[in-house]
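Enquirer:
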Amino acid sequence: MTHGVVTPGGNFSERATSAVANPELQRALRNLDTRLHTARAVADTTPEMKDRAAALRREVLADLDGWLDRLEDSLTRVGVVVHRADTPAAARTVVLDLVRANEARTVVKSKSMATEEIDLGAALEAVGIEVVETDLGEYIVQVAEERPSHMITPAIHKTLDQIAAVLGTRADGPLPVEREALAAWTHDHLRPAFLRAEVGISGVNFAAADTGTITIVTNEGNGRLCTTWPRVHIAVMPIEKVIPRFADLATLVPLLTRSATGQSLSNYLSMITGPRREGESDGPEELHVVFLDHNRRALLGTAYEEMLACIRCGACLNVCPVYRKVSGHAYDAVYSGPMGKILTPLLSLGEEGRDLPGASSLCGACTEACPVEIPLADLLVRLRADLRVPGPLRPLPAPTNAPTNAPTDAAATVGHVRLPGEGYAWPTGRAPLGSRPAPRSAKHLLFTAWSRVWASPAGYRASAVAARLPGRFGGDWARRAPLVTGWTATRDLPLPDRRSFRARWADREPGASQW
Amino acid sequence: MPDVPSVALFVTCVVDQVAPDVGVASVRLLEAAGCDVSFPEAQTCCGQPAANSGEPEAAARLARHFVDVFEPFDAIVAPSGSCAAMIHHWYDRLLTGRDRDRGLAVAAKTFELSQYLVTVLDRVDLGARVDATVTVHDACHGLRNLGVGSAPRRLLEAAGATIVEMVEPETCCGFGGTFSIEHGEVAGPLADDKLAHAAATDAEFLVSGDSSCLLHLEGRRRRTGTGPRPIHFAELLARGLP
Amino acid sequence: MTGTLVDGLRTALTANRVDVHGPFGSAEASEHVVGRALVHASGAPVAVSPADELVAALGIVDGLRSAGVEVLVTGDDGWRDRLPDARLGITGSALAVAETGSLALAAGPGSPRAVSLLPPVHVCLVSVADVVATFADAIAWVAGGPLPSALTWIGGPSRTGDLEMIQTLGVHGPAAVEVVLVASDST
Chain A
1 MTHGVVTPGG NFSERATSAV ANPELQRALR NLDTRLHTAR AVADTTPEMK
51 DRAAALRREV LADLDGWLDR LEDSLTRVGV VVHRADTPAA ARTVVLDLVR
101 ANEARTVVKS KSMATEEIDL GAALEAVGIE VVETDLGEYI VQVAEERPSH
151 MITPAIHKTL DQIAAVLGTR ADGPLPVERE ALAAWTHDHL RPAFLRAEVG
201 ISGVNFAAAD TGTITIVTNE GNGRLCTTWP RVHIAVMPIE KVIPRFADLA
251 TLVPLLTRSA TGQSLSNYLS MITGPRREGE SDGPEELHVV FLDHNRRALL
301 GTAYEEMLAC IRCGACLNVC PVYRKVSGHA YDAVYSGPMG KILTPLLSLG
351 EEGRDLPGAS SLCGACTEAC PVEIPLADLL VRLRADLRVP GPLRPLPAPT
401 NAPTNAPTDA AATVGHVRLP GEGYAWPTGR APLGSRPAPR SAKHLLFTAW
451 SRVWASPAGY RASAVAARLP GRFGGDWARR APLVTGWTAT RDLPLPDRRS
501 FRARWADREP GASQW
Chain B
1 MPDVPSVALF VTCVVDQVAP DVGVASVRLL EAAGCDVSFP EAQTCCGQPA
51 ANSGEPEAAA RLARHFVDVF EPFDAIVAPS GSCAAMIHHW YDRLLTGRDR
101 DRGLAVAAKT FELSQYLVTV LDRVDLGARV DATVTVHDAC HGLRNLGVGS
151 APRRLLEAAG ATIVEMVEPE TCCGFGGTFS IEHGEVAGPL ADDKLAHAAA
201 TDAEFLVSGD SSCLLHLEGR RRRTGTGPRP IHFAELLARG LP
Chain C
1 MTGTLVDGLR TALTANRVDV HGPFGSAEAS EHVVGRALVH ASGAPVAVSP
51 ADELVAALGI VDGLRSAGVE VLVTGDDGWR DRLPDARLGI TGSALAVAET
101 GSLALAAGPG SPRAVSLLPP VHVCLVSVAD VVATFADAIA WVAGGPLPSA
151 LTWIGGPSRT GDLEMIQTLG VHGPAAVEVV LVASDST
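Residue numbers (my numbering), protein chains in the order written: chain A, 1 to 515; chain B, 1 to 242; chain C, 1 to 187.
Right under this line is the structure:
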């Protein structure tokens, strides 16, 4: 597995640097700017749709275990075999055992972030199973031995020339750099795999607890083929994909497709309620659903449980200025973009992606775009604090700020936008991870010292005098400066003005009508 | 609203130390709108650099200081959407108990400058004249956390400025506080995009409401020579006051 | 009212790159479908979902056979092995959504999932009486009854956005979808 367009290894900054310097990647990413954003303008979400969907997702999170039990009952009732996996390894074992029990030699997969999360393809290939990714973008990255760089459009980092070259390695001769021809070649090339595969593996977009219906949203038809023709269908489902009622699909599916691609509805929706029934000629004879936890339950009751509302639409990636510059491989993680910066350290309990939450300008475009109103920017800030303490991340229940007795409600005034996620207080006054001591990093000590000095007017004035010293020897802007080389590498640094505002205010003529 | 609105200027640490002309301009605009402006000299910083760096204890310490300083005033006005948003959005989360009650009460009377003039005072024409073509960058926190939106544009239009909108005026310029230091490799190209979009409008000025963004853009412009001059709307308007 | 819904459906389907024909009376509809089969099949078998309500009501299978078309229906010997060779799949639909231009197909005995999926062309019969205004209406209607093992919603020809984010038709599912509208007094 290579990182494709970025130099592998290193930290986010190093990978981002190579991504920004890659002209082919930058050319491919401009398609995101122009084409997707144009499409989304046609069928966007409304605040009312978002509110309804957000409420539905919180209804689930308020009793996730209860909804999962109800879902399991319903699935079992319609003939589905439910497996519960606490870890990626356990989920892989479930799938491997099923594949082996069915003596399968070929597995066709439709695009599924959950199977990426548990690295299922590699595990199957390791035991000699032929694994064929069938979503076109996913197939392109599989052939290129890369990882998807976008959860909706996995090969968004590749130009058409590059795609033709990649697919050409599986063709008899060079393929034309022409979209319809490449799509048709993919159809013919992958069709035999669909017909010979004994097992189809998919993800799940939504699973309705009342009816046991799993819904899969696709455009190409590969999801339909994977769940129609092979004898066995295995669906890997992160536990938060449960929704209370089949009827809720009316809200959630259009919200997903509008947020993901700007389609009022995707080209195909498969609503599957159990395996093939008596008298039917196709559809899987066996249907298995694997509930994947992977530390998700550990987030319940913490401020981070909000991340479990995510429906994997990719909207936060598409609007993120950082993602749009560097694309998915720079994150070196299954999930990229704003949601990936949060989910990667959370699902790994701090083992992976510790530098990701810092790679955000906190502009809030993600929070604004999120169709289920996850306070993504706030969670990034919170994670920055919680990841200060080395070692495993153990999210603790966040205290909830009770309604205030303050005389005025700030939310009712001019200059206040009620953003999602209000209500969780930051547990200040103690280490954010509870009983553990506050971190003793240089950064922490620096901010502690700085805040102590600046919490006093005299300290502020003294530090301002000190900061002014370098400026005495040169102009208003510096090309080089110690400590902030990250700034001066790309920009001149503004130096403190020779006379601060407060000095000018103090010199102001008393009673002057004009300044 | 009293006949002569009384306003405490929260000038912000960045304006105080690095862009004092913006502070002077803010006072002149507020006075042109008929306000009685005071400057509580004990003020320092809202605490945002610490909060955004994941240092909530340090941020809360500065938040408590801010509340102590500004609690007595009827209205607090800052020439920065980002700092005003810090008070509105984060004091609620950083402070607890009685501190939080006080913080929320202070937040309720804290305003970004253009919003205070346009929405609270209902003053759009301050008597300033700006004979220039400008393009406006919507600084993120003012836009998304405070809903500032069109207020700077309305002030500029009333002063006679011609506004030419750039591509993606609402997309981040790449500043983002410590992000701009830790991730210059992304912050620089984002500034380039913003400056290029602004340059394509042929505007004379790239106007915004946050000095930090403007300093970041100007720092990049000094390296590349691309784009119109970044300037705070208060400074541009105050220059055109009689 | 029905006219408005049908117009909406036609507009949405056309936007989805579906060819819409009709509404026809039953005899005309049957004739039309047979005609399309002769165009598309070019000697290959035509797969049909015989249990779909309109397919049965219009006598599509008999009509095709009378016209000399080789018809493949569930229950035929080697159905599963021969279906991949079909050049055309003909189905009915449970309902259609005017807002989004979506066709809902319910799986069942004699109504397999693959007839609308494996052949490169899909012809779908839609009764104008089965057109509902919105996806929400459709879900509410479906939720009121027993759910089939597979309820498939089809917007139009198979498509992908994976090639530089330009919509490209014809990947895994049918590259062409035709809808034949059938007037409500025909069933």
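Just so you know, even glycine gets a beta-carbon here, dropped at the ideal spot from N, CA and C.
At a Cβ threshold of 8 Å, is Arg312(A) touching chain C?
Expert: Interface residue (Cβ-Cβ distance to chain C less than 8 Å): Arg312(A) is not classified as such.
Enquirer: Which first and last residues belong to the alpha helix (DSSP H) in which Leu195(B) is found?
Expert: Gly184 to Ala199
Enquirer: Measuring CB to CB, does Glu165(B) end up less than 8 Å from Thr133(B)?
Expert: It is not a contact, given that the beta carbons lie outside the stated cut-off.
Enquirer: Given this structure, state the Cα-to-Cα distance separating Val319(A) from Glu280(A), to the nearest angstrom.
Expert: 45 Å
Enquirer: With 8 Å set as the bound, which would you pick, yes or no: does the beta-carbon of Met49(A) sit closer than that to a beta-carbon of chain C?
Expert: no
Enquirer: Note down, in chain order, each residue of its chain lying with its Cβ closer than 8 Å to the Cβ of Glu31(B), except the 5 sequence neighbours on either side.
Expert: Val37
Enquirer: With distances taken Cα to Cα, identify the nearest neighbour of Thr344(A) among Leu175(A), His150(A) and Glu117(A).
Expert: Glu117(A)
Enquirer: Under 7 Å, CB to CB, which of the residues in the region 68–90 of chain B have a partner in chain A?
Expert: Ala84, His88 and His89
Enquirer: Should the region 136–156 of chain A be called in touch with the region 301–309 of chain A, which here means at least 3 C-beta pairs below 8 Å?
Expert: Short answer: they don't touch.
Enquirer: Between Glu146(A) and chain C, is there a C-beta pair that is closer than 8 Å?
Expert: Not an interface residue.
Enquirer: If contact is defined by three or more beta carbon pairs under 8 Å, each pair taking one atom from either stretch, is the region 113–130 of chain C in contact with the region 77–97 of chain C?
Expert: yes
Enquirer: Got a sec? Which residues, its chain only, sit under 6 Å from Ala98(C) by beta carbon, not counting five neighbours each side?
Expert: Cβ neighbours of Ala98(C) beyond the five flanking positions: Leu5, Gly8, Leu9, Val131 and Ala133.
Enquirer: By Cβ distance, which residues of its chain are closer than 7 Å to Val73(C), with the 5 residues on each side in sequence left out?
Expert: Taken in chain order, the residues that qualify are Val48, Pro50 and Val61.
Enquirer: In the DSSP assignment, find the alpha helix (DSSP H) that holds Ser26(C) and state where it starts and stops.
Expert: Note, Ser26(C): alpha helix (DSSP H), Ser26 to Ala41.
Enquirer: Compare the C-beta of Ala187(B) against all C-beta atoms of chain A and say whether one is closer than 8 Å.
Expert: yes
Enquirer: So is Trp229(A) in contact with chain C if we call contact Cβ pairs under 8 Å?
Expert: yes
Enquirer: Return the bridge partner residues of Val207(B) from the DSSP annotation.
Expert: Val136(B) and Ile231(B)
Enquirer: Using the C-alpha atoms, what's the distance from Thr7(A) back to Ile156(A)?
Expert: 17 Å
Enquirer: Under 7 Å, CB to CB, which of the residues in the region 107–132 of chain C have a partner in chain A?
Expert: Ala107, Gly108, Pro109, Pro112, Arg113, Ala114 and Leu117
Enquirer: Please name the residues in the region 360–374 of chain A whose beta-carbon is closer than 8 Å to at least one beta-carbon of chain B, in chain order.
Expert: Ser360, Ser361, Leu362, Cys363, Gly364, Ala365, Thr367 and Glu368
Enquirer: Pull up the distance between the alpha-carbon of Ala506(A) and that of Arg354(A), whole angstroms please.
Expert: Rounded to whole angstroms, Ala506(A) to Arg354(A) spans 46 Å at the Cα level.
Enquirer: Within 8 Å, do at least three Cβ pairs link the region 238–254 of chain A to the region 187–207 of chain A?
Expert: yes
Enquirer: Go ahead and label Glu509(A) buried or exposed: buried means 16 or more other beta carbons lie within 10 angstroms of its beta carbon, across all protein chains shown.
Expert: Glu509(A) counts as exposed, since fewer than 16 other beta carbons sit within 10 angstroms of its beta carbon.
Enquirer: At a Cβ threshold of 8 Å, is Gly161(C) touching chain A?
Expert: yes
Enquirer: From the beta carbon of Thr135(B), is the nearest beta carbon of chain A less than 8 Å away?
Expert: no
Enquirer: Answer yes or no: do Leu56(A) and Thr251(A) have a C-beta to C-beta separation smaller than 8 Å?
Expert: yes
Enquirer: Are the C-beta of Pro457(A) and some C-beta of chain B separated by less than 8 Å?
Expert: yes
Enquirer: Leu29(B) by DSSP, collapsed to three states: which one?
Expert: helix
Enquirer: Grab me the residues of Val171(C)'s own chain with a C-beta within less than 6 Å of its C-beta, minus the 5 sequence neighbours each way, in chain order.
Expert: Ser158 and Thr160
Enquirer: Got a sec? Which residues, its chain only, sit under 8 Å from Pro154(A) by beta carbon, not counting five neighbours each side?
Expert: Lys111, Asp135, Gly137, Glu138, Ile140, Val141 and Pro148
Enquirer: Closer than 8 Å is the cut-off here; do at least three beta carbon pairs connect the region 78–92 of chain C with the region 112–122 of chain C?
Expert: yes
Enquirer: For Pro169(B), which residues from the same chain have a beta carbon less than 7 Å from its beta carbon, with the 5 sequence-adjacent residues on both sides left out?
Expert: Val136, His137 and Asp138
Enquirer: Closer than 6 Å by C-beta to Thr428(A): which residues in its own chain qualify, once you throw out the five before and the five after it? Chain order, please.
Expert: Residue confidence for Thr428(A) is low, a pLDDT of 46 falling below 50, so the modelled location carries little weight; the figure read from the coordinates is stated next. The answer is none, since no qualifying residue turns up.
Enquirer: Using DSSP with H/G/I as helix, E/B as strand and the rest coil, what is Thr400(A)?
Expert: strand
Enquirer: Do Gly309(B) and Arg491(A) have their C-beta atoms closer together than 8 Å?
Expert: Since the first residue of chain B shown is 1 and the last is 242, residue 309(B) is not available in this structure.
Enquirer: Kindly say whether Gly353(A), judged by its beta-carbon, lies nearer than 8 Å to any beta-carbon of chain B.
Expert: no
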